[in-house]
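Data first, discussion second: the structure below is written as structure tokens.
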Amino acid sequence: MKKPSLFAFTLVVTSSLASTLAAQSTESKGTLTILSSLPRTGSANAQTTTIVNGIKLALSEVNGQVDGWTIEYKDLDDASPQRGNWDPAVEAQNANSATKDATCVGYIGTFNSGAAKVAMPILNRAGIAMVSPANTYPGLTKPGKGEKNEPMVYRPTGTINYFRIVPTDDLQGVVAADWAKQLGVKKVFILNDRELYGKGIAEVFRDQSTSIGIEVVGYEGTDSKAANYRSLVTKLKAVSPDLVYFGGTTQTNAGQIAKDLRAGGYEGMYMVPDGCFEQAFIEAAGDSNLNGKTFITFGGLPPDQLTGTGAKFRDAYRLKYGSEMEAYAAYGYEAARVILQAIATAKTKDRAGVLAAVAATKDFDGVLGKWSFDSNGDTSSRVLSGQTVTDGKFAFVKVLGG
Amino acid sequence: MEPYEVFLQQLVTGLSNGMIIALIALGYTMVYGIIELINFAHGDVFMLGAFLALTLLGALGMEAWAPGWQLAGVVLMLVSSAAFCGSFNWSLDRLAYRPLRRASKLSLLVSAIGCSFICTNLGLFWGGAPMEVFAGGVAAAAPKDFPQLIPQYNLLGESAIRIVPADVAVLAVTLPLMIALVYLVKRTRLGRAMRAVAQDSTAAALMGIPVDRVIGTTFFIGGALGGFASVVYALYNNTIGFQMGYRAGMDAFTAAVLGGIGSLPGAVLGGLLIGCVRSMSDQYVELRWTNTIVFGILVLILIFRPSGLLGSTRREKV
Numbered sequence: 000m001k002k003p004s005l006f007a008f009t010l011v012v013t014s015s016l017a018s019t020l021a022a023q024s025t026e027s028k029g030t031l032t033i034l035s036s037l038p039r040t041g042s043a044n045a046q047t048t049t050i051v052n053g054i055k056l057a058l059s060e061v062n063g064q065v066d067g068w069t070i071e072y073k074d075l076d077d078a079s080p081q082r083g084n085w086d087p088a089v090e091a092q093n094a095n096s097a098t099k100d101a102t103c104v105g106y107i108g109t110f111n112s113g114a115a116k117v118a119m120p121i122l123n124r125a126g127i128a129m130v131s132p133a134n135t136y137p138g139l140t141k142p143g144k145g146e147k148n149e150p151m152v153y154r155p156t157g158t159i160n161y162f163r164i165v166p167t168d169d170l171q172g173v174v175a176a177d178w179a180k181q182l183g184v185k186k187v188f189i190l191n192d193r194e195l196y197g198k199g200i201a202e203v204f205r206d207q208s209t210s211i212g213i214e215v216v217g218y219e220g221t222d223s224k225a226a227n228y229r230s231l232v233t234k235l236k237a238v239s240p241d242l243v244y245f246g247g248t249t250q251t252n253a254g255q256i257a258k259d260l261r262a263g264g265y266e267g268m269y270m271v272p273d274g275c276f277e278q279a280f281i282e283a284a285g286d287s288n289l290n291g292k293t294f295i296t297f298g299g300l301p302p303d304q305l306t307g308t309g310a311k312f313r314d315a316y317r318l319k320y321g322s323e324m325e326a327y328a329a330y331g332y333e334a335a336r337v338i339l340q341a342i343a344t345a346k347t348k349d350r351a352g353v354l355a356a357v358a359a360t361k362d363f364d365g366v367l368g369k370w371s372f373d374s375n376g377d378t379s380s381r382v383l384s385g386q387t388v389t390d391g392k393f394a395f396v397k398v399l400g401g
Numbered sequence: 000m001e002p003y004e005v006f007l008q009q010l011v012t013g014l015s016n017g018m019i020i021a022l023i024a025l026g027y028t029m030v031y032g033i034i035e036l037i038n039f040a041h042g043d044v045f046m047l048g049a050f051l052a053l054t055l056l057g058a059l060g061m062e063a064w065a066p067g068w069q070l071a072g073v074v075l076m077l078v079s080s081a082a083f084c085g086s087f088n089w090s091l092d093r094l095a096y097r098p099l100r101r102a103s104k105l106s107l108l109v110s111a112i113g114c115s116f117i118c119t120n121l122g123l124f125w126g127g128a129p130m131e132v133f134a135g136g137v138a139a140a141a142p143k144d145f146p147q148l149i150p151q152y153n154l155l156g157e158s159a160i161r162i163v164p165a166d167v168a169v170l171a172v173t174l175p176l177m178i179a180l181v182y183l184v185k186r187t188r189l190g191r192a193m194r195a196v197a198q199d200s201t202a203a204a205l206m207g208i209p210v211d212r213v214i215g216t217t218f219f220i221g222g223a224l225g226g227f228a229s230v231v232y233a234l235y236n237n238t239i240g241f242q243m244g245y246r247a248g249m250d251a252f253t254a255a256v257l258g259g260i261g262s263l264p265g266a267v268l269g270g271l272l273i274g275c276v277r278s279m280s281d282q283y284v285e286l287r288w289t290n291t292i293v294f295g296i297l298v299l300i301l302i303f304r305p306s307g308l309l310g311s312t313r314r315e316k317v
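Residue numbers (numbering that gives the first Met the number 0), protein chains in the order written: chain A, 0 to 401; chain B, 0 to 317.
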């Protein structure tokens, strides 16, 4: 009697499955779309893959359904192979495709602050809520911290539609300089990659260094496509700094600079911001060039230091993907949850309703504890951390700021 | 460091970088000398050579070899990359340029730009190779770490001026190649044939010189020099990437034009000049002005000496 029973069982399962599916499709009140726009081509790929995984995890927690609405997610790439990095033309194209998609109520991105500049005005006109998991350039949201016309130039309609869940560089640059002082630095040579993010944080670092009594013995913009930086290393060695600070990212050659510092015989410390907080940086630099003397600041906590909601996320991530996440994965997850919660609480399930609900996010139980969006669209969270590199891995050193 | 030591150090860096640029520039200038084509794909063929070297290094596990064997490995990479780039360049000529020999120069140039794009994308695919040395190939476009087979300690001991074995390696590879090239062009039958084709290909054909074969050989030699240069570049900078051909090619092309395109000594002089101007500008002006200064000098020289520094009346083509 084995066969018939199995047959019957299968029949029951299939029919019940079919009925659930049918029930779902009739019950769904419609489809709402969330897009993400991140550099998926190039060396940022390893980092952004884990961010996308984080977003998908947030969606799977609600089974792709909020309040009877089906949530669709699309993973867009804002990089081009020609640049191997984010590309303004592609980012603009992504933002425009979001405005054309009438079901699109949320836009997760960008990764690079420069890319946010491109997408922000486009999405602002369309009234789509944009939540960035990684942008840290202060001028995007904070009046008086960037150029004169910032941030209003990104808000042509006057309403705020851009939010971010990581502490900005005006905090990160300051705690980085304070940390340098604690490490005993007396003289610093500051480099920047001449991009929005890198130059911005290098300037904050420079100003804070001067005000806490670290001597700035050099300040220079680099060429991120140069084959090597040996001449630069000779130049900076001549003024014997204890620390070289580079405001830049893995994509703007932070790894090559580390290599040339060691090859050129510089023996001091090297500090970089969160744009280098990814495994690709260690791979690009070669771990022997980083060990022990390299310091990385990050607006948030590394995965292994997360507690509460953050720790739950980390464990779920491991279980689902079977691999370790990069630093920003938690923020991809957080950004998706912010939008999902906003959809749930929105009075009208359209762009305006979701935007209002995102802006009203308060005491959100996030991966870094409870936080709210302030009137600029920034997180109220002030947790930053410092790490170093040992044996080819990032190692947490301490909480900065707080 | 004393000011004179800083100057000498920058000179060393400039010469090392310059020699690599010069070696690539020779490939541009040889091809231009013989068929007046700026082979835009040259920089990208150079890039593919570096990828081959890294693949070989990974496949044979050279990192774990004893230092003496590693040196043999370096020689192996040099030879294979040179053979590969030479053959690749030869095939480009055979497939993309030779059919257009009688077409207008512009079609040839556009064809070269197309080849450059194809090579860049080949490099992008290659970067995704699932190998340990390519970091598993997850991020195809990411720059790849090229292991340090030539150590970077100071040969001068405690002196403030640093000359590392990598600097010596650059010179040890590039200088003999340049001498051999000059010998080949000036003293051998092949060299004479090349010069004859460069001067007047119709007349050369009438004298029984197999013009297409000579041109093909020129492409092979130019490509091979690029292959040697790619391994030297990789050993010196320890990073390669699919976009490296663009910047290296741009510098080398500038060097060739600066020295007088078509002239062999001109390419070497131009390369050394660009290397040194770059490091001096990094030191005494500011890094962000370096590109402006290099191309500014190029513009000035082209205004006052349109045929380049050594590209004067008695121009030695090829």
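Using N, Cα and C, we set each Cβ at its ideal position, and we do this for glycine too.
For A/Gln386, the enclosing beta strand (DSSP E) begins and ends at Val382 to Thr389. A/Asp273 is outside the set of residues whose beta carbon lies under 9 Å from a beta carbon in chain B. As computed with DSSP, A/Gly400 is found in a beta bridge with A/Val382.
Contact between the region 42-49 of chain B and the region 232-252 of chain B is present, with at least three C-beta pairs closer than 8 Å.
Selection A/Arg82, A/Asp177, A/Ser27 and A/Ala45 evaluated against B/Phe241 yields A/Arg82 as nearest (Cα-Cα). Counting only residues of its own chain and dropping the five nearest sequence neighbours on each side, B/Gln147 has a CB closer than 6 Å to the CB of Asn237.
Burial of A/Gly285 is indicated by the presence of at least 16 other C-beta atoms within 10 angstroms of its C-beta.
Within chain B, no C-beta atom comes nearer than 7 Å to that of A/Thr248; the closest sits roughly 12 Å away. Close to chain B, meaning a Cβ-Cβ distance shorter than 7 Å, are the following residues of the region 217-241 of chain A: Glu219, Gly220, Thr221, Asp222, Lys224, Ala226, Asn227, Arg229, Ser230, Leu231, Thr233, Lys234, Lys236 and Ala237. Taken in chain order, the complete beta strand (DSSP E) segments of 3 residues or longer contained in the region 24-101 of chain A are 30-37 and 68-76. Assignment of A/Val187 by DSSP, reduced to helix, strand and coil, places it in the strand class. Assigned with DSSP and collapsed to three states, B/Leu183 falls in helix. Per DSSP, reduced to three states, the secondary structure at B/Ile19 is helical. Taking C-alpha positions only, B/Arg194 is separated from B/Leu272 by approximately 26 Å. About 7 Å separates the CB atoms of A/Gly220 and B/Leu286; that is less than 8 Å, so the two are in contact.
DSSP, reduced to helix, strand and coil, places B/Trp64 outside both helices and strands of the structure shown, so it counts as coil.
Per DSSP, A/Ser131 is not a residue of any alpha helix (DSSP H); the beta strand (DSSP E) it occupies stretches across Ala128 to Ser131.
Here A/Arg163 is bridged, per DSSP, to A/Ser131 and A/Asp377. Rounded to whole angstroms, the gap between the alpha carbons of A/Gln46 and A/Pro132 is 12 Å. No Cβ-Cβ contact shorter than 9 Å links A/Gly307 with A/Val398. Using a Cβ distance threshold of 9 Å, A/Tyr330 and A/Gly299 count as a contacting pair. With a contact defined as Cβ atoms closer than 8 Å, A/Leu195 and A/Gly113 qualify at about 4 Å. DSSP assignment within the region 159-210 of chain B yields no whole beta strand (DSSP E) run of 3 residues or more. As DSSP reads the structure, A/Met270 sits in a beta bridge with A/Tyr244 and A/Phe294. Counting only the Cα atoms, B/Gly13 lies some 33 Å from A/Thr209.
Proximity of chain A to B/Ser278 at the Cβ level (cut-off 7 Å) is accounted for by Ser230, in chain order. Restricting attention to A/Ser374, A/Glu333 and A/Ser380, the CA atom closest to the CA of A/Ala57 is found in A/Glu333. Contact check for B/Leu22 against B/Leu155 fails: the beta carbons are separated by 9 Å or more. Within chain B, the residues whose beta carbon sits less than 7 Å from that of A/Glu282 are Ala134 and Asp144, listed in sequence order. Only residues of its own chain outside the window of five on either side were considered, and among them Pro155 and Thr156 have a CB closer than 7 Å to the CB of A/Arg124, listed in chain order. Less than 9 Å divides the Cβ of A/Gln250 from the Cβ of A/Ser223. Residues of chain A with a Cβ closer than 7 Å to the Cβ of B/Ala138 are, in chain order, Gly41, Ser42, Asn44, Ala45 and Ala279. DSSP, reduced to helix, strand and coil, places B/Glu157 outside both helices and strands of the structure shown, so it counts as coil.
For the options B/Ala111, B/Thr54, B/Gln151 and B/Gly85, the alpha carbon positioned closest to that of B/Pro129 is the one of B/Thr54. Chain order gives the chain A residues near B/Glu285 as Glu219 and Gly220, where near means a beta carbon separation below 9 Å.
Looking from the CA of B/Gly17, the closest CA among B/Thr289, B/Leu268 and B/Asn290 belongs to B/Leu268.
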